[in-house]
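Since the structure comes first, as structure tokens, the remarks are kept for the end.
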Amino acid sequence: MTVGVLVGVFLLFTLLGWGIDAYTDYLWFDEVDFTGVFTGVLVTRLLLFLAVGLAMALVIAANLYLAYRLRPLLRPHSAEQATLERYRMIIQPRLGTWITIIAVVIGFFAGLSAQSRWKDWMLFQNSQPFGVKDPQFNVDVGFYVFDYPLWRYLLGVGFTTIVLSVLGALAVHYIFGGVRLQGVGDRMTSAARAHLTTLVAFFVLLKAVAYILDRRALLLEQHVSPGLYGAGYTDVNALLPAKEILAYISIVVAIAIIVFSNAVMRNLVWPGVSLALLAISAVAIGGIYPLAVQNFQVQPSLADKEAPYIARSIEATRAAFGLSGTEIRPYAASTTVPPGTLASDTSAQNVRLIDPQLVSEAYTQQQQVRGFYDFGPKLDVDRYTLANDKPQDYVVGVREINDNALTTQQQNWLNRHTVFTHGYGMVAAPANQVVCGGLPYFVSGFLGDDQQPGCASDKEEIKVDQPRVYFGEQSTEYAIVGQVDANKKTEFDRPQPNDNNAEERYTYEGTGGVPIGSFMRRLVFAIKNTESNFLLSDAVNNKSRLMYVRDPRSRVEKVAPFLTIDGDPYPAVVDGRIKWILDGYTTAATYPYAQRINLQEETTDELTNRGTVALARDNINYMRNSVKATVDAYDGTVTLYEFDDQDPVLKAWNQAFGGKLITPKAQTPASLAAHFRYPADMFKVQRNLLARFHVTQPGEYFSGQDFWQVPNVPDDPDSGVKQPPFYLNVQLPGQDSTRFQLTSAVTPNNRDNLAALISGSYVDNKPQLEILELPDQTAIQGPVQVHQRMTNNATVRSELTLLSNSNQSQVLFGNLISLPVGDGMLYVEPVYVKSGQQNAVPLLQKVLMSYGDGGTYVVLANNLKDGLDKLVAQGKSNQPTTSPPITPGTQPPTPGQQPALTGQLAQAAAALDKAIADVKTAQASGDFVRYGQALQALDTAMTNFQNAQKAAGAPTTGPSVPSSTAPSGAPSAPAPTPSG
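Read left to right, the sequence shown gives residues 785 to 1764 (our numbering).
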């Protein structure tokens, strides 16, 4: 009785938990107006659970009962039967109960397995034609993507059902005497033999079906020799006919089992022989014969034999991942001397200097205002058309509340869930401009009125009508909003403009969140969140709304569970509102002949888990950026916009949910489409595949000599971490206008020199991949080599040493941009310095630049314009800044090794020492204007010192220079570091 009560209580609480989860999920879907997704998925899963579970349970129960009904009425006396009689006395009185329990348990687990295949079923029911046929069977690709997965699953269910039926029936027959292990005469009654052999025959018939399906599966399996997917020479010429023959043999064997065991010989000899022949045939025809073909026909001339099938795989892979329309243009990069037009080149002037990852700390320190505000570990890059009607890329971040940064006094339920409910504003800065000693030039998202002139815009250049952020990447907890008291606003809104110590309060006025005014709803959510304050707190009343699932990525994943969401949502101001934009991918794993990849491995790079989310470890071979999703930061509204209107997978899903789930592409607002950007994760997948599949000739592909690879991060190549692609607003060679595009350098396989530049952009709102391919055996170096050569330049090394020798400063390198300009290659790498002092942030102090081969013409400049001018000057004088070879382990000279200084060199050193002291004094004083002037004087003194060193022939070392650390609490004064 006690056990029964405990089981009953456990089941009651389990069902109650499921019910509460389902109810609160429904309320959430109702709030975002996607109840069709909730009901569609729920009904499909229930139907699959019931259909498969009930079918398997009935088949199992029927076979168990049939085995009982076929029991012999008279059983020979033996010790074995005497032992079994005790079991029969226990089972027989409650036989129906035992059969029901066994069938229900098996059916329950079968149903659980089936309901998880709801995606396969919905795609099967709503399949669409691809309009592309496979090259072997001339069958539409839609069969493999939509139908094949379900047929394969149902075949597995059939095998499992028959195997369990055989085992169950055999057990019943044995217990009730139909099958005996001891005694004289037949060990099996004719009824038991007929029953069991029929089941075995059905198993063999299913094996025939499996052989037929395996023929199609060959188009999805991996080649052993060329490392590609799809049927190769041996598969087509040996395995395909072998599996067809085995299918026919299986049918014959199934018939033979039934006939010989029941009608002709009425024993198990010939059925056993038939099964043995099937097994031998499977080994000989399906194993030995293909192996012989592979070893004796294919291997001696592997490239020739596999060439047609390699071509199939190349074509299918390029089609499946959207690579077919890739434009490849040769780029000689023949100009190695900086041309005179370099300084005026628009693309060179627009190179992004600000690293979204490194500058996040500066955003937080300068625009945080309160300690609980945060911008996350990585910012985003978008573009806006503000000044002179020219598009400009900006580094943007949303000011959100970090719950973990609340003080101890603020860490209570009331504050976390009803007071600190939302962030405020989107902060933006031009991506190629820094001021005030290395800080971004902020143009929007201000909270205070203490912006130093010259350090930020004097007005909001990106206007936001509703700056409050209730839904954001850091919104991990639920929030309760709504009017608590007619005379009092409870939510913290923002510091007052004229007094940062005072604060403004706010009451939410939108429609976001689930109303929880009724006692029943508050009770449900109190149980779900195990929080009694839903019932007891005065902060919850009949006007309250509960916001949960507030992270944009989680919201989109919930309303569109069939999409894979890009790991980097980004904010944009659209029609005066902050909206999160997310890229949604439709994927499949059964596109014939296409290369299969691991999505997580292909998209992991330096930024993964450092501001971007790692994708799931899904193995796929088809991918489309079919959806652009938006989440309103104020009310949480989710909208799914069709982006690829030709994608059959998206059409199938839209049809599965009534045809109204996705907003047609034509209805996408132009103001929103202006902020669409080429998706990063899609580009990384395509970049990695193009490293191999830019080669379209089978013979060249087979040799592998022209394969590329993605380089590692230049400043730490031994880490094995891949360099991420970069968003740039530039015009590349061969393009008719400036585009906002993702770019990436690639190098030859197992080599470090530059092989090509891959870019992804939108042309007429459609994706376009382009490759600028350099000549074979080019002398132009890749990112890793360029970084090493630039930082090993003698002049650069000395200046970097000066930058790092004060206050335990750390020199950090930003994104190394490889940009084709002036028929050559321009390399730009921002140099940040982070002081060892408390609360220091990385400040952009220098710009490391090179032109040509990456190491001959090198400058370390104050800003982009200065660097371009210096490169042009080097080109005109034809006096490159060469440096001696650097042996491994060589370290830059330390200040302690300097010789005594005399004459002009001593005067320059004294002036530099004084400039350093002035910077430190100004830094400590907090006077921004004085600090900026001191930095300018320091730059001049450093230049004079280096010129004196060159004139004296002295080593290029000198006094320690402090890193440009902003005084605590506010931005630094202006320094001459705008891009120009």
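Glycine included, every Cβ here is placed at the ideal spot set by N, Cα and C.
Taking all protein chains shown into account, decide if residue i is buried (16 or more other Cβ within 10 angstroms of its Cβ) or exposed.
i     : result
I1064 : exposed
Q899  : buried
D1502 : exposed
L1012 : buried
F1080 : exposed
K1247 : exposed
Y1462 : buried
F893  : exposed
G961  : buried
Y1369 : buried
F1467 : buried
D805  : exposed
G1229 : buried
I874  : exposed
D1242 : exposed
Please report the distance separating the alpha-carbon of residue i from that of residue j.
i     : j     : result
W1492 : R1471 : 10 Å
G1564 : P1355 : A small correction: the amino acid at residue 1564 is Ile; Gly does not occupy that position in the sequence shown. Spanning the two alpha carbons is a distance of roughly 37 Å.
F1486 : I1069 : 29 Å
Q1217 : E1245 : 15 Å
T1562 : A1540 : 10 Å
A1189 : V1397 : 21 Å
A845  : T884  : 7 Å
F1524 : G1266 : 41 Å
R905  : L832  : With the sequence shown as reference, residue 905 is identified as Trp, and Arg is not the correct amino acid for it. Each residue's alpha carbon lies about 8 Å from the other.
S1744 : L1584 : Annotation note: pLDDT 43 at S1744 (below 50); position unreliable, coordinate value reported separately. Going from the Cα of S1744 to the Cα of L1584 covers about 10 Å.
T1192 : V1358 : 37 Å
F797  : G803  : 10 Å
K1162 : K1363 : 18 Å
D1490 : Y1032 : 45 Å
L730  : V1494 : In the structure as shown, the chain starts at 785 and stops at 1764, and residue 730 therefore has no counterpart that could be examined.
I1042 : A978  : 8 Å
K1312 : L896  : 24 Å
Nearest to residue i by CA position, among the options, is which residue?
i     : options                    : result
R1722 : V1631, G926, L1587, P1355  : The question names Arg, but residue 1722 in the sequence shown is Leu. Of the candidates V1631, G926, L1587, P1355, the one whose C-alpha sits nearest the C-alpha of L1722 is L1587.
S1034 : S1259, A985, I885          : A985
V1219 : G1636, E1557, G1294, L1628 : L1628
Q1258 : P1281, A1270, F1204        : F1204
A1132 : V1568, P1517, T1575        : P1517
A1117 : P1559, G1360, E1184        : P1559
L1652 : P1025, M1726, N1134        : N1134
A1693 : V1415, S1661, N1662, T1727 : T1727
A1440 : W802, Q909, S1085          : Q909
T1169 : I1185, I1138, P1214        : P1214
I1365 : P1482, V1514, V1182, G1443 : V1182
G1294 : Y1418, A1310, Y1511        : Y1418
Beta-carbon within less than 6 Å of residue i's beta-carbon, same chain only, minus the 5 sequence neighbours each way: which residues are those?
i     : result
Y928  : T1374, P1376
S1528 : R1471, P1509, I1542
Y1332 : Y1262
Q1149 : V1625
K726  : With the chain covering 785 to 1764 only, the question about residue 726 has no answer from this structure.
A1684 : Its pLDDT being 49, under 50, A1684 is placed unreliably by the model, and the measurement read from it follows with that caveat. Once the five neighbours on either side are set aside, A1684 has no close Cβ partner at all.
N1599 : D1139, F1510
What does a CB cutoff of less than 8 Å around residue i pick up in its chain, not counting 5 residues either side in sequence?
i     : result
A1066 : L1030
V925  : F914, V916, K917, D918, Y1375, P1376
In its own chain, which residues sit with a C-beta less than 7 Å from the C-beta of residue i, not counting the 5 before and 5 after it?
i     : result
V1656 : P1122, G1124, L1126, A1127
T1018 : P1074, V1077, Q1078, V1082
A1022 : Y1073, P1074, V1077
V1605 : L1126, D1129, S1131, A1132
T973  : P856, G962
H1478 : I1112, I1555
S949  : V843, I844, N847, L983
Every unbroken beta strand (DSSP E) inside the region 1617-1647 [3 residues or more]: 1627-1635, 1641-1645
Please give the ranges of any beta strand (DSSP E) in the region 1075-1146, keeping only runs that are unbroken, at least 3 residues long and fully inside the region. 1111-1114
Mind listing, in chain order, the continuous beta strand (DSSP E) runs of no fewer than 3 residues lying wholly within the region 1166-1211? 1175-1182
What alpha helix (DSSP H) runs, 4 residues minimum, are completely inside the region 965-1047? 974-1001, 1024-1043
Which runs of the alpha helix (DSSP H) at least 4 residues long sit entirely within the region 1417-1457? Give them in chain order. 1432-1440, 1454-1457
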